[in-house]
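Protein chains in written order, with our numbering: chain A, 183 to 642; chain B, 183 to 642.
Don't be surprised by glycine CBs; every beta carbon is placed ideally from N, CA and C.
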């Protein structure tokens, strides 16, 4: 299968390229060399694919563990076939346990539990309703029976398919509705041939339960991956990424390009980009996390919505940073004298917001009340005030060209927006800290106090 | 099922609320009134749910059609059970056709085809390999056989599960790998009991093919929903949303709040927000669209990547607009005199970019070469130049407080960014137009020519 996929991917990517080559070389001139070249190309692609797989494993070793767990769960359930007494009681229905394991076993406990509960409940409900439908159809005689059953199957499939479009239901019960349609159809249709419908329902339910609980048990007991923990870490690390950008931004923006170095080779300044597209991932993790029981410092009814709120604010801040980043590499840069006038305040604003975000990220990670974050936010706010005073104090020459002020004014204004965003993030992290009763730990090293008083003028 | 889901949702949402009420009223005081209140509450929620369903249908009637199509496909396939000669040849295996229809039938043709092809090919490959595994296991004697089979099942499940983590494979072949694991396990395990493995593979493959082709035929022939068309429309409508914002922004920003109207009730200015989170949707639609055959003006190898490129640029522009939107409702607004100085140029920049985006959106929708867009972009670019001249010409008083200039400068600078983004979008739409050979239609009404010459001063 893998070999097939690789070939498929390669053929897909290189079709155009290969076509061009064919045309170039002419139909008659084709011979060994192109085939040799192609096989070399395939070799390179296969090697690339394997190195990508190795990287996937190194990036998150839990993926390797998950794969082994999936193999184990499937092998365990297949014992039903191998072990004579078990096989006798279930027969071919044991197949449902195997199917359940393949479909229900997911990366995180929450996703596995969600799918398992959905599958179990949907099988139970659909089984019950299908038995009812079967009884009703029985009343309509031999010719009427398939017609009545056909109508039932059509109606339930159409209605359930439509309900699956409802966003709230799609988020949590989509898989359940799919299994509802599947079980209802299978049992009501099979019932037409098989008089022992109840036994069929019973066997299907039992095998689904066995498959589902095997998944859940292995998922919870062997190196569990908690979606809640992942969401928690994702929110914290997204905040940290913004913090890293902001800490580095000031120096990078005000650095003069004369040292011959290109500004674009700063990978640490590009980390924030992944934050912009993290909504889907956050929503999915929050949906899975809702299914998870109490684990570690996470309760069953953990305030996941608050995490999503913090995530949304972080993305809003990332959007401002995207605009800031555009100014980092802009062709039109303000003159050195103008930039140096506000260099210190802007660098402080950026640096302090960055520190605050990193502090808040650390507070979430360690579940300790953010102590120094407020101080950093105060520092950044007082820098905003300093900037105001600086601008009011008319430090600018009369000859200063306003056109040259615009880029700097924009950066300053975006930084003010970032400070506001950071304050909003801090507020919602504090709300989370109150909800979850974060530990209060006195810091060993006292952070710098808020700056007040007269604005300082940049090194000009 | 639906009733269960509704109750589940409601209980979920209102648990806390209900708890508080219980506490308030005391355990003894509870009687009819709370139950009456609760049942009224449930009624309201059920009514809300139904009105939401009706809205879902009204918003996109294709959803209703899809549900009916799903019901029809399932009813058709269930004929296998009802019709004696068909049942005789397939027996219980006919179940696989039903399962295939339930799982494969998706909203768009591309998604259905993708799942169908994945399921068909994966069943074929896994069936073949499972027969091989079965032959190999046969050689190892009665005791060795289950052990060898167990090892095979474990290894293929673990390896395939791991390969599913690979992002490129996950995007297109995830379902295929799932079915590969499922079929290989089922057939190799069943093979242990059933000597007619080949017949089992043959039956499974045939029923999967019947189910899959039923889905594909109904999906393509009855009111088809093309993912490609949806992606095409989504990209165009996202651009239009940004255009609507930009067309309205100038007037909204420079309007004085004295007319007592709140600035926040402008729903047309909020449309851009959905653009920020459209990446996942675009990626999914592009993945589905790749499976679709030629339809209407879309070929099989349509340049979907170019659509994703335009989408990414649109999101980048939406990010700037998010920042602009922040300034629309900012507490600190620049003074009337300062604002009115750049009002005309900024309004033109915004208006012309908006018009260009709407024109580009229309060009994509109608697949006609964007004619007027370049003129609007030229207009917006010359407004940028006008702004530069205006700022250089020292029209500002010496007494002008720089602090009051900052918000206006920022808005102007963000608008300059928007103009740049719009030009980038126009460039990639033109690339698309060249790739797809968009029609060239001479406009009946000639749009305004680019403004050049001296900058105009705002009404002050």
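Shorter than 8 Å from the beta carbon of residue i to some beta carbon of chain A?
| i | result |
| --- | --- |
| residue 522/B | no |
| residue 310/B | no |
| residue 622/B | no |
| residue 619/B | no |
| residue 302/B | no |
| residue 256/B | yes |
| residue 244/B | no |
| residue 475/B | no |
| residue 594/B | yes |
| residue 607/B | no |
| residue 235/B | yes |
| residue 328/B | yes |
| residue 271/B | no |
So with Cβ pairs under 8 Å, would you call residue i a contact of chain B?
| i | result |
| --- | --- |
| residue 459/A | yes |
| residue 403/A | no |
| residue 203/A | Confidence at residue 203/A is low in this model, with a pLDDT of 44, below 50, so its placement is unreliable and the value that follows should be read with caution. No, residue 203/A does not count as interfacial toward chain B. |
| residue 456/A | no |
| residue 589/A | yes |
| residue 435/A | no |
| residue 321/A | no |
| residue 248/A | yes |
| residue 253/A | yes |
| residue 367/A | yes |
If you reduce the DSSP assignment to three classes, tell me which class residue i lands in.
| i | result |
| --- | --- |
| residue 248/B | helix |
| residue 203/A | Caution applies to residue 203/A, whose pLDDT of 44 falls short of 50 and renders its modelled position unreliable; the value that the coordinates give is listed next. Residue 203/A falls in the helix class under three-state DSSP. |
| residue 553/A | coil |
| residue 480/B | strand |
| residue 381/B | helix |
| residue 290/A | coil |
| residue 145/A | Because chain A spans 183 through 642 in this model, residue 145/A falls outside it and cannot be assessed. |
| residue 622/A | coil |
| residue 346/B | coil |
| residue 452/B | coil |
| residue 459/A | coil |
| residue 405/B | coil |
| residue 278/B | helix |
| residue 474/B | coil |
| residue 210/A | Low confidence applies here, because residue 210/A scores a pLDDT of 44, under 50, leaving its location unreliable and the question unanswered by this model. |
| residue 589/A | helix |
| residue 391/B | helix |
| residue 260/A | coil |
| residue 241/A | helix |
| residue 489/B | helix |
Counting only the same chain and skipping the five closest in sequence on each side, list residues whose C-beta sits under 6 Å from that of residue i.
| i | result |
| --- | --- |
| residue 623/A | 550 |
| residue 385/A | 275 |
| residue 304/B | 358, 361, 362 |
With a CB to CB cut of under 8 Å and the five nearest residues on each side skipped, what residues in its chain are close to residue i?
| i | result |
| --- | --- |
| residue 495/B | 603, 606, 607, 610 |
| residue 254/A | 400, 404 |
Any heavy atom of the ligand SAM closer than 7 Å to the Cβ of residue i?
| i | result |
| --- | --- |
| residue 465/B | You won't find the ligand SAM in this model; it holds no ligand whatsoever. |
Assign residue i to one of two classes, buried (16 or more other C-beta atoms within 10 Å of its C-beta) or exposed (fewer than that).
| i | result |
| --- | --- |
| residue 265/B | exposed |
| residue 617/A | exposed |
| residue 552/A | buried |
| residue 353/B | exposed |
| residue 643/B | In the structure as shown, chain B begins at 183 and stops at 642. Residue 643/B is therefore absent and cannot be evaluated. |
| residue 423/B | buried |
Cutting at 7 Å between CB atoms, please list the residues of its own chain near residue i, excluding the five before and the five after it.
| i | result |
| --- | --- |
| residue 450/B | 426, 430 |
| residue 313/B | 379, 380, 383 |
| residue 341/B | none |
With a threshold of 8 Å between beta-carbons, can residue i be considered close to chain D, or not?
| i | result |
| --- | --- |
| residue 263/B | The question asks about chain D, but that chain is absent: this structure's protein chains are A and B. |
So if I threshold CB-CB distances at 9 Å, which residues from the stretch 276-296 of chain A count as touching chain B? Listed in sequence order: 276, 277, 280, 281, 283, 284, 285, 287, 289.
Below 7 Å between beta carbons is the criterion; list the residues of the stretch 345-356 of chain A that meet it against any residue of chain B, in chain order. Only those residues of the stretch 345-356 of chain A whose C-beta falls short of 7 Å from the nearest C-beta of chain B are listed: 345, 347, 348, 350, 351, 355.
Quick one: which residues of the stretch 489-504 of chain B get their C-beta closer than 9 Å to a C-beta of chain A? List them in chain order. Taking 9 Å as the Cβ-Cβ cut-off against chain A, the residues of the stretch 489-504 of chain B that qualify are 497, 498, 500, 501, 502, 504.
Using Cβ-Cβ distances below 7 Å, what residues of the stretch 392-420 of chain B are close to chain A? Listed in sequence order: no entries.
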